[in-house]
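Reading the sequence shown from the start, the letters are residues 1 to 310 in full-length UniProt numbering.
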Amino acid sequence: MKSVQAFAPATVANVSCGFDILGFAIEGMGDWVTLHEKESPGLVVTSIQGDGGKLPKDPLKNTCSVAIQALLDELGRNVGMEIFLEKGLPLGSGMGSSAASAVAALVAANHLLGNPFEKKDLLPFAMAAEKAACGAGHADNVGPSLLGGFVLIRDYHPLDVIKLHVPKDLYCTLLHPHFELNTADSRSVLRESIPLKHATIQSGNVAGLVAGLYEEDYELISRSLRDVIAEPYRAVLIPGFYEVREAIKGAGALGMGISGSGPTLFCLSRGKEKASQIAEAAKEVYQSIGLGVDVYFSAINTAGGHVLES
1 MKSVQAFAPA TVANVSCGFD ILGFAIEGMG DWVTLHEKES PGLVVTSIQG DGGKLPKDPL
61 KNTCSVAIQA LLDELGRNVG MEIFLEKGLP LGSGMGSSAA SAVAALVAAN HLLGNPFEKK
121 DLLPFAMAAE KAACGAGHAD NVGPSLLGGF VLIRDYHPLD VIKLHVPKDL YCTLLHPHFE
181 LNTADSRSVL RESIPLKHAT IQSGNVAGLV AGLYEEDYEL ISRSLRDVIA EPYRAVLIPG
241 FYEVREAIKG AGALGMGISG SGPTLFCLSR GKEKASQIAE AAKEVYQSIG LGVDVYFSAI
301 NTAGGHVLES
């Protein structure tokens with residue numbers, strides 16, 4: 001029987017001003033999915049490692065099997081696969097954990113079936129898994145996890161996703177405090193309507209960020225990393241947010257924001273050395289307020305989900 005293993009990276013969604021429309025992928029961190037073909041039809045989630053026993057093995061609820069089933073339904077095929085998931089990402093961290101699982105599963109399944117779909121065409125199946133996991137089929141995590149780099153979701157009806165340019169020296173530092181923030185709570189504090197003034201500011205910042213990426217203008221990127229829609233309401237839910245923001249400015253960060261719905265924070269910088277200095281500055285802040293934190297820094301992942309071996 002054939003088998004294949006794939007990897008999909010962690011992601012940062014929203015990217016400050018790009019609420020629900022921007023995301024980018026991280027190097028190194030992510031999830032692994034191994035698929036084994038089996039003779040009898042149907043999907044079976046055989047093993048999940050690294051989740052502390054929290055994720056469901058029910059094929060109707062697990063993001064890996066939901067994503068693969070959506071692919072199979074589109075093909076009109078009823079094949080058998082065993083799914084082995086290895087979680088490299090913490091759950092509920094704001095780093096696209098459910099997205100990485102779904103994308104790794106899809107990339108592996110597509111390869112096992114002879115690559116009937118182009119990579120970008122797998123996106124709707126990953127969004128179906130996201131909807132099963134959190135009730136909404138957003139693409140700002142699954143898009144960059146699948147395609148790599150920075151991704152812009154221009155529209156959902158019809159789906160219009162654009163992969164953006166990534167400056168070669170752009171780095172990200174991720175700060176994951178030992179603090180649980182429920183996505184529902186993070187969503188509940190948002191306002192249903194926003195003032196025209198704020199909509200105008202946000203639009204300008206999104207345009208500035210995209211232009212900054214293409215021009216490799218780090219100062220423009222820095223000026224554009226400002227969110228006036230979600231961050232003012234979510235920041236108060238995250239201990240140390242404002243203290244960290246002040247500290248990383250002094251360490252040379254271009255800017256900071258909330259990754260997804262939090263509690264993970266992301267900081268962008270120019271170069272690996274700055275990313276390391278930002279990590280140390282943030283650690284000192286968390287130590288001073290008595291909160292543990294996991295810190296990670298890397299270049300932007302431009303490859304996205306990919307097959308490791310088959």
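C-beta: ideal position from N, C-alpha, C; glycine also.
When the Cα atoms are used, residue 22 and residue 245 turn out to be separated by approximately 21 angstroms. Taken in chain order, the complete beta strand (DSSP E) segments of 3 or more residues contained in the stretch 129–173 are 150–156 and 159–164. In the displayed model, residue 17 falls within coil according to three-state DSSP, outside both helix and strand.
Here residue 277 is buried: its Cβ has 16 or more other Cβ atoms, across all protein chains shown, within 10 Å. Beta-carbon to beta-carbon, residue 237 and residue 225 are separated by about 20 angstroms, too far to satisfy the 8 angstroms threshold.
Boundaries of the beta strand (DSSP E) harbouring residue 34: 22–38, taken from the DSSP string. For residue 229, no beta strand (DSSP E) segment is defined, and its DSSP state is neither H nor E. The C-beta distance from residue 83 to residue 44 rounds to 7 angstroms, short enough to fall under 8 angstroms. Residue state for residue 75 is assigned as helix, using DSSP reduced to three classes. Around the beta carbon of residue 69, 16 or more other beta carbons lie within 10 angstroms, which makes this residue buried. The three-state secondary structure of residue 189, taken from DSSP, is coil. Looking at the backbone, the Cα of residue 79 and that of residue 113 are separated by about 9 angstroms.
A distance below 8 angstroms between beta-carbons, with the five flanking residues on each side excluded, links residue 283 to the following residues of its chain, in chain order: 293 and 295. For the 9 angstroms CB-CB criterion, residue 75 and residue 116 form a contact.
From the listed residues 178, 95, 275 and 150, the smallest Cα separation to residue 297 is found for 275. A contact between stretches requires three or more CB pairs, one per stretch, nearer than 8 angstroms, and the stretch 215–232 meets this requirement with the stretch 250–259.
Residue 148 and residue 304 do touch by the CB rule: their CB atoms are close to 3 angstroms apart, below 8 angstroms. The three-state reading of DSSP puts residue 305 in coil, since its state is none of H, G, I, E or B.
Of all alpha-carbon atoms in 26, 290 and 81, the one lying nearest the alpha-carbon of residue 37 is that of 81.
Scanning its chain for C-beta atoms nearer than 7 angstroms, with the 5 sequence neighbours on each side dropped, one finds around residue 137 the residues 127, 128, 130 and 131, in chain order. Annotation for residue 178: 291, 292, 293 and 294 place their beta carbon closer than 8 angstroms to its own, counting only its chain and skipping 5 residues before and after.
Counting the other CB atoms within 10 Å of its CB gives residue 49 a total below 16, which places it among the exposed residues. Contact between the stretch 195–212 and the stretch 10–25 is present: three or more C-beta pairs spanning the two stretches fall below 8 angstroms.
Bounds of the alpha helix (DSSP H) holding residue 209 are 196–215. Rounded to whole angstroms, residue 280 and residue 259 show a C-alpha spacing of 19 angstroms. The beta-bridge partner set that DSSP reports for residue 267 consists of 173 and 256. The Cβ atoms of residue 89 and residue 100 sit closer than 9 angstroms to each other. Contact between residue 262 and residue 181 is confirmed by a C-beta separation of about 5 angstroms, below the 8 angstroms threshold. Rounded to the nearest angstrom, the gap between the Cα atoms of residue 2 and residue 96 is 29 angstroms.
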